[in-house]
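Participant: Under the UniProt record's numbering, the residues of the sequence shown are numbered 1 to 276, in order. Once you've had a glance at the structure underneath, I'll fire off some questions.
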Amino acid sequence: MKVIKKINNNVAVCLDNNEEELVAFGKGIGFPKIPYVLNDMSKIEITFYRLNSQKLLLLKEIPEDVVEISTEIVKLAQRRITKRLNPNIIFGLADHINFALIRQQKYKDIKLPFAYDIKELYPTEYELGIQAVKLIRNKINPNFSSDEAIAIATHFINSQENGEPSDLNRVVSSIIKETTIIIEEHFKIKINEQGFSYNRFSIHLRYYIKRIQENKQIEDGASEDLLNTFRKNDFSIYKCTMDIVTMIDEKLNSISSNDEMFYLMIYVKRMISKTE
Numbered sequence: 001m002k003v004i005k006k007i008n009n010n011v012a013v014c015l016d017n018n019e020e021e022l023v024a025f026g027k028g029i030g031f032p033k034i035p036y037v038l039n040d041m042s043k044i045e046i047t048f049y050r051l052n053s054q055k056l057l058l059l060k061e062i063p064e065d066v067v068e069i070s071t072e073i074v075k076l077a078q079r080r081i082t083k084r085l086n087p088n089i090i091f092g093l094a095d096h097i098n099f100a101l102i103r104q105q106k107y108k109d110i111k112l113p114f115a116y117d118i119k120e121l122y123p124t125e126y127e128l129g130i131q132a133v134k135l136i137r138n139k140i141n142p143n144f145s146s147d148e149a150i151a152i153a154t155h156f157i158n159s160q161e162n163g164e165p166s167d168l169n170r171v172v173s174s175i176i177k178e179t180t181i182i183i184e185e186h187f188k189i190k191i192n193e194q195g196f197s198y199n200r201f202s203i204h205l206r207y208y209i210k211r212i213q214e215n216k217q218i219e220d221g222a223s224e225d226l227l228n229t230f231r232k233n234d235f236s237i238y239k240c241t242m243d244i245v246t247m248i249d250e251k252l253n254s255i256s257s258n259d260e261m262f263y264l265m266i267y268v269k270r271m272i273s274k275t276e
């Protein structure tokens with residue numbers, strides 16, 4: 001295998017024996033002077049063919065240690081989960097962990113719980129989330145929030161789901177589509193629906209809707225001041241989010257809590273910042 005382009009010390013663009021381009025993950029494969037021939041294939045941990053430019057850009061943007069720990073977590077998960085995981089989970093998981101680390105620095109006391117009791121429904125995935133948090137604490141940030149175990153577990157759950165469309169999924173898909181239109185019209189932009197920011201935003205929306213339907217909205221009372229801060233300092237984000245919340249509440253005959261509104265604002269703001 002010929003290594004032709006370095007992405008970081010542990011990820012590189014390569015050519016296989018058929019001269020087909022791929023992206024390889026492996027400890028130190030991007031460190032030697034490029035180009036070179038890699039003869040020791042035991043160094044390769046995982047390969048990806050036909051990666052799009054967005055995934056390549058993500059690998060360049062996310063710190064090496066986050067990509068490395070994400071790969072380690074996915075390998076651990078695949079040994080524990082009987083169903084085969086979509087290998088692309090590495091990219092979504094790395095994006096999530098990187099965002100969580102950044103968010104934790106900016107909003108230290110914010111918790112982002114998810115829809116239902118994952119501890120009860122998906123004990124294996126939840127335990128993997130716990131182990132992932134321990135790995136991140138040991139190797140990147142000793143203060144990484146334990147609440148992220150549930151968020152990380154959802155990546156494993158979503159990566160192995162192949163069920164038939166349900167009524168809930170149809171409702172969620174409809175709301176996500178309408179939400180996308182609201183954001184695009186409000187900010188006069190075109191959202192890349194294949195992007196990681198949009199995918200993460202969609203995941204949050206999906207669990208937000210499920211929380212509403214199961215009467216498990218986030219209501220810890222900690223977000224009222226932060227909601228007011230958004231209204232004063234980021235009124236455009238605030239107004240767009242309120243339009244989304246109004247639409248969702250009308251469709252589901254619900255009343256969204258201030259906490260749900262605030263968390264949604266965080267995701268809208270992040271997606272817009274990635275789009276602009």
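Beta carbons: idealized from backbone N, C-alpha and C, even for Gly. For clarity, every value in this text was computed on a predicted model and none was experimentally measured.
(1) Here's the rule: buried if 16 or more other CB atoms are within 10 angstroms of the residue's CB, otherwise exposed. What is G92?
(2) For the segment 33-42 against the segment 3-14, are there 3 or more C-beta pairs whose distance is under 8 Å?
(3) Based on the DSSP output, what are the partners of N8 in its beta bridges?
(4) How do the segment 207-219 and the segment 178-195 stand: do at least 3 beta-carbon pairs fall below 8 Å, yes or no?
(5) Considering only residues of the same chain and omitting the five flanking positions on each side of R231, which have a CB-CB separation below 7 Å?
(6) Beta-carbon within less than 7 Å of R206's beta-carbon, same chain only, minus the 5 sequence neighbours each way: which residues are those?
(7) Could you pull the DSSP bridge partners for I46 from this structure?
(8) Among R103, M41, I152, whose alpha-carbon lies nearest the alpha-carbon of A77?
(9) Quick one: measure Cβ to Cβ for S70 and I97, integer angstroms, because I've assumed they're closer than 8 Å.
(10) Thinking just about the alpha-carbon of each residue, which of K210, E148, E178, L252 is nearest to the one in F99?
(11) For M265 and N228, what's the separation of their Cα atoms in angstroms?
(12) Short of 8 Å in beta carbon distance, which residues of its chain neighbour I176, apart from the five on each side in sequence? Order them along the chain.
(13) Quick one: is L59 buried, meaning 16 or more other Cβ sit within 10 Å of its Cβ, or exposed?
(14) Once the 5 residues before and after L128 are set aside, which same chain residues still bring their CB inside 8 Å of it?
(15) Assuming E260 contacts I218 (C-beta within less than 8 Å), just tell me the rounded distance between them.
(16) Can you have a look at T241 and say buried or exposed, based on whether 16 or more other CB atoms are within 10 angstroms of its CB?
(17) Between S159 and the rest of its own chain, which residues show a CB-CB distance below 6 Å, the 5 nearest in sequence each way excluded?
(18) Using the Cα positions of Q194 and D95, report the straight-line distance between them to the nearest angstrom.
(19) Determine the DSSP secondary structure at M1, reduced to helix, strand or coil.
(20) Which class does Y267 belong to by DSSP, given the choice of helix, strand or coil?
(21) Compare the C-alpha of K190 against each of Q104, S273, S53 and name the closest.
Facilitator: Taking the definition as stated:
(1) buried
(2) Yes, since at least three Cβ pairs between the segment 33-42 and the segment 3-14 fall closer than 8 Å, the two stretches touch.
(3) V11
(4) no
(5) The residues are Y238.
(6) V172
(7) Paired residues: F25.
(8) I152
(9) 6 Å
(10) When K210, E148, E178, L252 are compared, the shortest CA-CA separation from F99 is found for E148.
(11) 12 Å
(12) Closer than 8 Å at Cβ, skipping near neighbours: S202, L205, R206.
(13) buried
(14) Its chain contains I73, L76, A77, R80, I81, I152, A153, F156 as the residues whose beta carbon lies nearer than 8 Å to that of L128, once the 5 sequence neighbours on both sides are disregarded; these appear in chain order.
(15) 6 Å
(16) buried
(17) If we look at S159 and ignore the five residues flanking it on each side, its Cβ neighbours are L85, N86, I89.
(18) 14 Å
(19) Secondary structure at M1: coil, using DSSP grouped into helix, strand and coil.
(20) helix
(21) S273
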